[in-house]
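So the sequence lines, in the order shown, correspond to chains C and G. Residue numbers are given in numbering that gives the first Met the number 0: position 111 of the first sequence equals residue 110, and the series is strictly consecutive. Residue numbers are given in numbering that gives the first Met the number 0: position 30 of the second sequence equals residue 29, and the series is strictly consecutive. Positions of the beta carbon are idealized from the N, C-alpha and C atoms, including for glycine. Following: one structure in structure tokens, then a few remarks.
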Amino acid sequence: MKLVLPEHESSTDEVLLAMFNDGDKGALEALLVRREKWLWNVARKSIRDVSLAQEALQEALVLIWKNAHTFRGESLATSWMYQIVSRACIDTLRKEQIRTHASLNELEQFDDIGGTSSFESALVDGLAVHAALLEIEPEHREVITLLDLEGLSVQEASQALGIPVGTVKSRAARGRESLKQVLRKILSENGNQLLNSNVIPLEVKNGKKR
Amino acid sequence: MEKRDKADELISALSSLEPLEEVPSEVSKRFHETLSRLANEQTSAKAKTHWFNSANQFALAASFVLVFALGAVVTLNTGDNSVNPLDVVKPQSSASSNTDITDDEIQYSGGDKLIPIASTDLIKQTASSQDYAEIPMDFYKKLGVGSTWNSAAKLDNVTLQCLKKLELIDSTNLIDSGLFQEESIKAIWAPVTRSSWNVYLINSSCVALDKKFVQG
Chain C
0 MKLVLPEHES STDEVLLAMF NDGDKGALEA LLVRREKWLW NVARKSIRDV SLAQEALQEA
60 LVLIWKNAHT FRGESLATSW MYQIVSRACI DTLRKEQIRT HASLNELEQF DDIGGTSSFE
120 SALVDGLAVH AALLEIEPEH REVITLLDLE GLSVQEASQA LGIPVGTVKS RAARGRESLK
180 QVLRKILSEN GNQLLNSNVI PLEVKNGKKR
Chain G
0 MEKRDKADEL ISALSSLEPL EEVPSEVSKR FHETLSRLAN EQTSAKAKTH WFNSANQFAL
60 AASFVLVFAL GAVVTLNTGD NSVNPLDVVK PQSSASSNTD ITDDEIQYSG GDKLIPIAST
120 DLIKQTASSQ DYAEIPMDFY KKLGVGSTWN SAAKLDNVTL QCLKKLELID STNLIDSGLF
180 QEESIKAIWA PVTRSSWNVY LINSSCVALD KKFVQG
């Protein structure tokens, strides 16, 4: 079990990267452990095959580690990591194509499954929303998860968390506002093509894709 | 307005958001193994930078004993005043005379007791205007150089980036402003042991002009 230091636990992803670049070697490890599930899902949404997704994740880990010094803090860490994982997925698929002598069409099929670096595909799969959720305050995320994702009522969330109804409401409002801000940042960081495209409502896209 | 609409749209679709898939245990195991390996590699690389590579410690210690036994400084390397700060040490102090010793041959006869420790104290900054062509005997005392690796937390960004570039970010005790070959330089004092330092002479472009070794 990795020891998570309090200063790591309470730091944002971006701060952890900065700490790593300042010589705190444990900070990047803490960040990657924190985002393990999300990173895995980015790889899985790009590559359906579990073993290939695992290869891609391994490659992405190394790339993130070796390139952490290039992170300038001008974007969200999740956006930066997303690009790296996506690139690793494409590289893995290309290597697989060479190894198995798969045809270009087959590779394109892989890409059609989701192996693109476009953040739009992440939006399709809700990964961007998950990324945004990871960026907001834990206590806000907790409330939003219960209310919006798990469908609990305010009363039920209040009981589950052991906090007053008013607190649930205020945390939900602040959380949604924070979420909106982060999503806007993700949208603006990830290409005008997204902003200019007709974004299909998430539920429709999810239904279509899966 | 466009962005706001899209963000609102995504938030309104939260209820249909699919939960993240759990990481399979085998994938997770390998994930953590790779992380540990990367962290260890980094630690090893750092240890090598600080010349504490366990593989050569014994040889280093043995050589050090030999130096003292002979009562003289032995030349271990043919002189090379190359600019690369991590390759060459050029001794300047009274104790080390004018011998050239490579980094990998710096000695640690005292084991861990001689290895500097990392401190949360901030890296000291001084402006002695000293000409570092020659470092006077006991100058380190006058300057107040310590034997700990201090924190770079409060350094200005330029200096910070320079230390990162030179990989001295966490092995520096003091930075002194001085002169070298009629040029303003920063002398970065990096403890090698608790009584010896490498002194990197860096110009304003963060180019290492020379490196000297001072024995206390």
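Beta-bridge pairing of residue i - partner residues as DSSP gives them
i	result
Ser150(G)	Leu121(G)
Gln57(C)	In the DSSP output, where bridge partners are listed per residue, Gln57(C) has none listed.
Glu182(G)	Phe179(G)
Gln158(C)	Paired residues: none, contrary to the question.
Asn197(G)	Ala189(G), Phe212(G)
Ile174(G)	Gln124(G), Ile187(G)
Asp130(G)	Leu178(G)
Ala207(G)	Ile201(G)
Any chain C beta carbon closer than 9 Å to residue i
i	result
Pro23(G)	yes
Ile116(G)	no
Thr158(G)	no
Thr147(G)	no
Leu165(G)	no
Ala189(G)	no
Leu13(G)	yes
Leu37(G)	yes
Ile122(G)	no
Ile174(G)	no
Ala186(G)	no
Thr48(G)	Reliability of the predicted coordinates at Thr48(G) is poor, the pLDDT of 48 falling under 50, and the value obtained from them is presented with this limitation in mind. Judged by the 9 Å Cβ criterion, Thr48(G) is not in contact with chain C.
Ile10(G)	yes
Ala151(G)	yes
Residue i versus residue j - alpha carbon distance
i	j	result
Ser11(G)	Glu134(C)	18 Å
Leu182(C)	Gln180(G)	55 Å
Val27(G)	Leu38(C)	Here residue 27(G) turns out to be Ser, not Val, going by the sequence shown. Between Ser27(G) and Leu38(C), the C-alpha separation is close to 11 Å.
Ile116(G)	Leu75(C)	35 Å
Lys65(C)	Asp175(G)	32 Å
Asp102(G)	Thr192(G)	With a pLDDT of 41 at Asp102(G), under the threshold of 50, the modelled position of that residue is not reliable, and no figure is offered here.
Ala38(G)	Glu188(C)	30 Å
Leu178(G)	Ser204(G)	14 Å
Lys89(G)	Ile168(G)	Summary for Lys89(G): the model assigns pLDDT 38, below 50, so the residue's position carries little reliability; its value from the coordinates is reported in the next sentence. Near 21 Å, if we compare the C-alpha coordinates of Ile168(G) and Lys89(G).
Val49(C)	Arg86(C)	17 Å
Asn76(G)	Lys210(G)	Reliability fails at Asn76(G), whose pLDDT of 42 lies under 50, so the model's placement of it is uncertain and no value is given.
Leu16(C)	Met136(G)	42 Å
Glu6(C)	Lys36(C)	21 Å
Leu126(C)	Thr125(G)	50 Å
Gln154(C)	Leu19(G)	26 Å
Thr166(C)	Arg93(C)	50 Å
Residue j beta carbon less than 9 Å from that of residue i
i	j	result
Val213(G)	Ile134(G)	yes
Leu29(G)	Gln82(C)	The question names Leu, yet the displayed sequence has Arg at residue 29(G). No, Cβ-Cβ distance for Arg29(G) and Gln82(C) is not below 9 Å.
Lys123(G)	Val144(G)	yes
Leu121(G)	Ser150(G)	yes
Leu162(G)	Ile187(G)	yes
Asp147(C)	Leu13(G)	yes
Thr218(G)	Ala152(G)	Nothing about residue 218(G) can be reported from this structure: the residues present for chain G run from 0 to 215 only.
Ile201(G)	Leu142(G)	no
Leu9(G)	Val14(C)	no
Ala55(C)	Asp90(C)	yes
Chain G within 9 Å of residue i, Cβ atoms only
i	result
Ile143(C)	yes
Gly22(C)	yes
Gly150(C)	yes
Trp64(C)	yes
Arg43(C)	yes
Asp279(C)	Nothing about residue 279(C) can be reported from this structure: the residues present for chain C run from 0 to 209 only.
His7(C)	no
Val84(C)	no
Glu28(C)	yes
Leu16(C)	no
Gly72(C)	no
His68(C)	yes
Gly25(C)	yes
Residues that residue i contacts on chain G, provided the C-beta gap is smaller than 8 Å
i	result
His129(C)	Leu16, Leu19
Val49(C)	Pro23, Val26
Closer than 8 Å at the beta carbon, the chain C residues around residue i
i	result
Asp7(G)	Lys179
Ile168(G)	Asp21, Gly22
Under 7 Å from the C-beta of residue i: neighbouring residues of chain C
i	result
Phe138(G)	Result: empty, since nearest Cβ-Cβ is about 28 Å, beyond 7 Å.
Contacts of residue i in chain G (Cβ-Cβ under 7 Å)
i	result
Gln57(C)	Arg29, Thr33
Leu31(C)	Leu34
Asp147(C)	Leu13, Ser14
Gly125(C)	Leu16, Glu17
Cross-chain neighbours of residue i in chain G, by beta carbon under 9 Å
i	result
Arg173(C)	Within 9 Å Cβ-Cβ: nothing; Arg173(C) doesn't reach chain G, min ~13 Å.
Gln53(C)	Pro23, Glu25, Val26, Arg29, Phe30
Trp37(C)	Leu19
Leu60(C)	Phe30, Thr33, Leu34, Leu37
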